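Chains as they are written, first to last, in numbering that gives the first Met the number 0: chain A, 0 to 340; chain B, 0 to 382.
Data block below; observations after.
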Amino acid sequence: MTILKRVPKGAAIAAALFLSTTAASAFTACQVTDTGGIDDSSFNQTAWKGALDAKDALGIEARYLESQAESDYDANLNSLQGGDCDVIVTVGFLMGDATQKAAEANPDQKFSIVDFAYDPTIPNVLGQVYATDEAAFLAGYLAAGVSKTGILGTFGGINIPPVTIFMDGFVAGANYYNAQNNANVMVLGWDPVAREGLFTNNFESLDDGRSFAQNLYDEGADIILPVAGPVGLGSAALADELGTDALKIIGVDADQYLTDPDKKHVYLTSILKRMDSTVKAVIETAQSGTFEGGLLVGTLANDGVGIAPLHDFEETVPEDLKAELAAIRAGIIDGSIKVAN
Amino acid sequence: MSKSLNETLDRSAKALLERTTHGRQDFETLVIVPVFAVIVALFLGGLIMLATNVDLATIGKSYVALARGSVGSLSALSETLTAAIPLVLAGLGLALGFRAGLFNIGAEGQLLLGGMAAVVAAFMLDGLPWVIHLPVALLAGALVGALYASIAGWLKAATGAHEVISTIMLNLISFRLLDYLLRQPFIQKEGRADPISKSVPESAELPRLLDWLDPNLRLHAGVFLMLAAVGFVHWLLFRSKIGFAFRASGENPHAARYAGMKSGLIIVAAMATAGALAGLAGASQVLGVLDRATPGFSAGIGFDAIAVALMGRSHPLGVLLAGLLFGALEAGGRQMQLDAGVSIDLISIIQALIIVFIAAPLLVKTLFPWGFRADKKAKGGTQ
Numbered sequence: 000m001t002i003l004k005r006v007p008k009g010a011a012i013a014a015a016l017f018l019s020t021t022a023a024s025a026f027t028a029c030q031v032t033d034t035g036g037i038d039d040s041s042f043n044q045t046a047w048k049g050a051l052d053a054k055d056a057l058g059i060e061a062r063y064l065e066s067q068a069e070s071d072y073d074a075n076l077n078s079l080q081g082g083d084c085d086v087i088v089t090v091g092f093l094m095g096d097a098t099q100k101a102a103e104a105n106p107d108q109k110f111s112i113v114d115f116a117y118d119p120t121i122p123n124v125l126g127q128v129y130a131t132d133e134a135a136f137l138a139g140y141l142a143a144g145v146s147k148t149g150i151l152g153t154f155g156g157i158n159i160p161p162v163t164i165f166m167d168g169f170v171a172g173a174n175y176y177n178a179q180n181n182a183n184v185m186v187l188g189w190d191p192v193a194r195e196g197l198f199t200n201n202f203e204s205l206d207d208g209r210s211f212a213q214n215l216y217d218e219g220a221d222i223i224l225p226v227a228g229p230v231g232l233g234s235a236a237l238a239d240e241l242g243t244d245a246l247k248i249i250g251v252d253a254d255q256y257l258t259d260p261d262k263k264h265v266y267l268t269s270i271l272k273r274m275d276s277t278v279k280a281v282i283e284t285a286q287s288g289t290f291e292g293g294l295l296v297g298t299l300a301n302d303g304v305g306i307a308p309l310h311d312f313e314e315t316v317p318e319d320l321k322a323e324l325a326a327i328r329a330g331i332i333d334g335s336i337k338v339a340n
Numbered sequence: 000m001s002k003s004l005n006e007t008l009d010r011s012a013k014a015l016l017e018r019t020t021h022g023r024q025d026f027e028t029l030v031i032v033p034v035f036a037v038i039v040a041l042f043l044g045g046l047i048m049l050a051t052n053v054d055l056a057t058i059g060k061s062y063v064a065l066a067r068g069s070v071g072s073l074s075a076l077s078e079t080l081t082a083a084i085p086l087v088l089a090g091l092g093l094a095l096g097f098r099a100g101l102f103n104i105g106a107e108g109q110l111l112l113g114g115m116a117a118v119v120a121a122f123m124l125d126g127l128p129w130v131i132h133l134p135v136a137l138l139a140g141a142l143v144g145a146l147y148a149s150i151a152g153w154l155k156a157a158t159g160a161h162e163v164i165s166t167i168m169l170n171l172i173s174f175r176l177l178d179y180l181l182r183q184p185f186i187q188k189e190g191r192a193d194p195i196s197k198s199v200p201e202s203a204e205l206p207r208l209l210d211w212l213d214p215n216l217r218l219h220a221g222v223f224l225m226l227a228a229v230g231f232v233h234w235l236l237f238r239s240k241i242g243f244a245f246r247a248s249g250e251n252p253h254a255a256r257y258a259g260m261k262s263g264l265i266i267v268a269a270m271a272t273a274g275a276l277a278g279l280a281g282a283s284q285v286l287g288v289l290d291r292a293t294p295g296f297s298a299g300i301g302f303d304a305i306a307v308a309l310m311g312r313s314h315p316l317g318v319l320l321a322g323l324l325f326g327a328l329e330a331g332g333r334q335m336q337l338d339a340g341v342s343i344d345l346i347s348i349i350q351a352l353i354i355v356f357i358a359a360p361l362l363v364k365t366l367f368p369w370g371f372r373a374d375k376k377a378k379g380g381t382q
């Protein structure tokens, strides 16, 4: 009798265990980071947050592989093949070729890549791209209005479109400020016509972030926009030492006031590229079976891009400037202000 | 001042080299120490994971993943071998230099420029049949690697500049030179503003060996190149006249000179051979795996190869085994990260620990006295 009672209980426990493990492994989203690493306070971390948000909201599994060098892209993508991943999210323009190769070799595997648009599109790859210049335009206008020296600085990681689009928008925003207010604010570090400027040629070196910021500061810049993932943390360290009266930093990708809490006071604002929300959205479509290859564009209008709150600078930025920014934002969304020319 | 610096460098490099080259006959240092070093490193790696709040189950899982990802499947073996190819090639070059008494830190730079030359040769000569195209591209890599390394050799022979310093500096120059070259219009890929080279045409690619089984298997014909190089270096070092000169001048440069060997020529020749092998490592990487050159394509292989050569006790077979171990750690580390969510940085820590223990055989012998007693008795019998 006792044995008979026990058996169903044991079976029930076994069944419950079995169910819970199958439920947990029912849907898995895998992510391959770029060389900046999962904890870069910026690009990769934001994209990974999207996977974690999806994990919390949808109860899925999320895994990641970090690329330590560009030569890891193929190897990392390979080790995710074999049916364990329901959707593979690759993070970064530089992974474009590797993702394409993997997608063509594995046509039944769903892929999504942050920052790359294939032309023509690949049926099993959804590209996520961002009109970051719209948000950077606002940041450029804000920085031009706040700068005391009338000189802004910017530098990038590598001269590739997802980086330079920040710099394009930033310069355009500063120029728009000049046109509206009859001012003469200069932006050092990027020439949008010649497509040339300052680049560290990596997304890793905090030392480079510091020395590039130092050079721009020596040239008179008092607000700097580093567009190079964790490299900008080095620039923030310099601003921290010099004091925010001398140098302020504009964060990129995530709200760096929140992701870099030690140096949060140096960030005037951050240009948000909401990779977390698009990654989460892609995982949702993959889970619900509505996934389609193609292109997903984040804009100011759909909150795919934006600028972060001013936090500590809320008091110091004049109300007029804030009102102008709100008006410009509306203008960009309704199309009356053109960001790109 | 500079002379005393040179002497200090010489002495410390010699001390390190002596340990790697003289211990080779000793079964204990060649086999037992590395095996224990790996065990201790894995154990300490586990302790480090514990210290960073990883629970025991995850640690167990991560080591299972390490084994599974390195040798547990065909794709794991393919990844291990793929990662080992450039490490062994560059490691052989370094081992050869160590034998000749040259502590060459420059494999990274030689590998970068050799790889770059292979890519340029590959796309410039597009249209050739592969039987000519592939060897020419490989040869270009070896040649440029050799030339670049022989700069350091020549500086040492002609001016006495220490190769440790000159090769480190040449590495730094090669990084920037690569950045510059990748931006030149005839090298840079069309339509890109970032530093990236044109792609390698198919006829210059090292063919994939297992892609008929599964297109994701990356093992390429470079594995034959690796094995051939092991045989060649073994022959060169232990069977050829020039190899004897390398070893003689490494053991005792003065005696070699009095025996009538031209020390300057030997230094340049040893550096050039080492550079050719490093250049070949770069070429096999771009022609077999990457298909193009980008700024960081060497991924530190040239530095890891130093550890491979030291661990292999500068013996060609030892280098092969050490390279396979490092390849296995790289492939397994990926699986470890995936299955257990353990950081890839931990693999670097374990690799570093292995090297520390191998570099300190006395430490391992103190930790595991019972592992060595039997051997000592056996030796005592013959004495």
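Glycine is no exception: its CB is placed at the ideal position from the N, C-alpha and C atoms.
Owing to the predicted nature of the structure, the values given are computational and were not obtained by experimental measurement.
- Counting along the chain, the unbroken beta strand (DSSP E) around A/R62 starts and ends at 60-64.
- In the DSSP assignment, A/S269 falls within the beta strand (DSSP E) that extends over 266-272.
- At a cut-off of 8 Å between C-beta atoms, A/A104 counts as an interface residue with respect to chain B.
- A straight line joining the alpha-carbon of A/T32 with that of B/R312 spans about 36 Å.
- Using a Cβ distance threshold of 8 Å, A/S41 and A/T277 do not count as a contacting pair.
- Looking only at B/G45, B/A66, B/R67, B/G68, the smallest Cα-Cα distance to B/T57 is reached by B/G45.
- In the DSSP annotation of this structure, A/Y117 is not part of any alpha helix (DSSP H), being labelled neither H nor E.
- Interface flag for B/T51 against chain A is unset, since no Cβ pair is found closer than 8 Å.
- DSSP lists no beta-bridge partner residue for A/E323.
- A/K109 is the residue among A/K109, A/D217, A/G95 whose C-alpha sits nearest the C-alpha of A/D83.
- A residue is called buried when at least 16 other Cβ atoms come within 10 angstroms of its Cβ; A/T27 meets this threshold and is buried.
- A direct Cα-to-Cα measurement between A/A212 and A/L137 gives close to 21 Å.
- Residues A228, V229, V232, L276, P315, V318 of the same chain have their beta carbon placed closer than 7 Å to that of B/L91, with the five preceding and five following residues left out of the count.
- Residue-level contact by beta carbon fails for B/T57 and chain A, as no gap is shorter than 8 Å.
- Taking the Cβ atoms as the reference, A/A97 lies roughly 14 Å from B/G295, outside the contact range of under 8 Å.
- Those residues of the stretch 289-307 of chain B placed with their C-beta closer than 9 Å to a C-beta in chain A are L289, D290, R291, T293, P294, G295, F296, S297, A298, G299, I300, ordered along the chain.
- Note on geometry: alpha-carbon atoms of B/E329 and A/A329 lie some 51 Å from one another.
- Within chain B, the residues whose beta carbon sits less than 7 Å from that of A/L64 are R333, Q336, L337, listed in sequence order.
- In the DSSP assignment, B/R207 forms a beta bridge with B/H219.
- As summarised for the stretch 118-159 of chain B, the continuous alpha helix (DSSP H) elements at least 4 residues long and confined to that stretch are 129-158, given in chain order.
- For a Cβ distance threshold of 8 Å, nothing in chain A lies close to B/D54: the least Cβ distance comes to about 17 Å.
- Between the stretch 213-225 of chain A and the stretch 136-155 of chain A, the count of Cβ pairs shorter than 8 Å is three or higher; the stretches touch.
- The C-beta distance from B/A280 to B/L88 rounds to 4 Å, short enough to fall under 8 Å.
- Among the CB atoms of chain B, none fall inside 8 Å of the CB of A/Q30.
- Per DSSP, reduced to three states, the secondary structure at B/L212 is coil, with no helix or strand assignment.
- Selection A/A74, A/A50, A/S66, A/T89 evaluated against B/P214 yields A/A74 as nearest (Cα-Cα).
- Not flagged as an interface residue toward chain A: B/G144, since no C-beta distance is shorter than 8 Å.
- In the three-state scheme derived from DSSP, where H, G and I count as helix and E and B as strand, A/G126 is classed as strand.
- Within its own chain, the residues whose Cβ lies closer than 6 Å to the Cβ of A/M94, once the five positions on either side in sequence are excluded, are Y72, listed in chain order.
- Nearest to B/L361 by alpha-carbon distance, out of B/F35, B/T7, B/E107, is B/F35.
- Residue pairing for A/W189: DSSP places it in a beta bridge opposite A/G196.
- Nearest in C-alpha terms to B/V119, of all of B/S149, B/G331, B/T293, B/F325, is B/T293.
- B/A157 and A/F165 have their C-alpha atoms spaced approximately 51 Å apart.
- Inclusion of A/L246 and A/A238 in the CB contact set at 8 Å is warranted, their separation being smaller than that value.
- Shown here, B/V288 sits in a helix according to DSSP, grouped into three states.
- Secondary structure at A/D275: helix, using DSSP grouped into helix, strand and coil.
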